[in-house]
Structures are given as C-alpha cells and as structure tokens.
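Participant: Here the numbering used here is used: the first residue of the sequence shown is 233, the next is one more, and so on. Cβ coordinates follow ideal geometry from the N, Cα and C atoms, glycine included. Note that the structure is a prediction, hence the values are computed from the model and not measured. Attaching a single structure in structure tokens format; questions to follow.
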Amino acid sequence: QFQFEVEAGMVGINVPIPVPVAYYSFGGWKNSLFGDLHMYGPEGIQFYTRAKIVTSRWPDPGTSSVDLGFPRTR
C-alpha cells in the first residue's frame with residue numbers, strides 16, 4: 233500500500249537503496265531532480281504523466297520455484 237500512496241519519484245522497498253535502471257530519470261515529483269530537464273527516457277514520451285519507479289525484493293530463488301535468472305553464490 234505504501235508504494236502506491238507515497239509521493240516520490242523513486243521508492244525502495246526491502247532494499248538498502250532504490251537502484252533504478254539507467255533509462256529512468258533520477259529525480260522526483262516535486263522540486264527535486266538531478267539535472268535541468270526531465271526530458272529523456274519515459275519522461276520524454278509520457279510528457280504529462282507522473283512516473284513512479286518502485287524497487288522491491290524478488291522472491292529468494294533458493295526457497296521459491298521461480299527462476300529469476302540472476303547469478304547467485306552458494
């Protein structure tokens with residue numbers, strides 16, 4: 233519920249820091265933003281929308297039947 237209600241451009245859930253993929257802009261919804269423009273990535277296409285990136289932990293491959301394809305140490 234928190235991920236839908238928080239007014240922030242980047243949200244990290246169950247991770248130490250939100251780490252977005254490179255094509256997402258690094259900035260927020262209000263006056264916080266890195267750089268002078270939001271006009272690249274999804275913001276360049278979705279000019280009048282408010283994007284939100286949510287980073288959350290995926291199921292543990294050791295205890296889940298889902299194979300995420302990520303390398304893991306054993």
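Quick one: using the 10 Å Cβ neighbour count with 16 as the cut-off for buried, is Ser294 buried or exposed?
Facilitator: The question names Ser, but residue 294 in the sequence shown is Gly. Classification of Gly294: exposed, given that the 10 Å Cβ count is below 16.
Participant: Per DSSP, which one or two residues make a beta bridge with Ser288?
Facilitator: Answer by DSSP bridge pairing, in chain order: Ile245.
Participant: Are Ile245 and Ser297 touching if we call contact CB-CB under 7 Å?
Facilitator: Cβ atoms of Ile245 and Ser297: not closer than 7 Å.
Participant: Go to Glu237, then tell me how far its alpha helix (DSSP H) extends in each direction, as first and last residue.
Facilitator: Residues Phe234 to Glu237.
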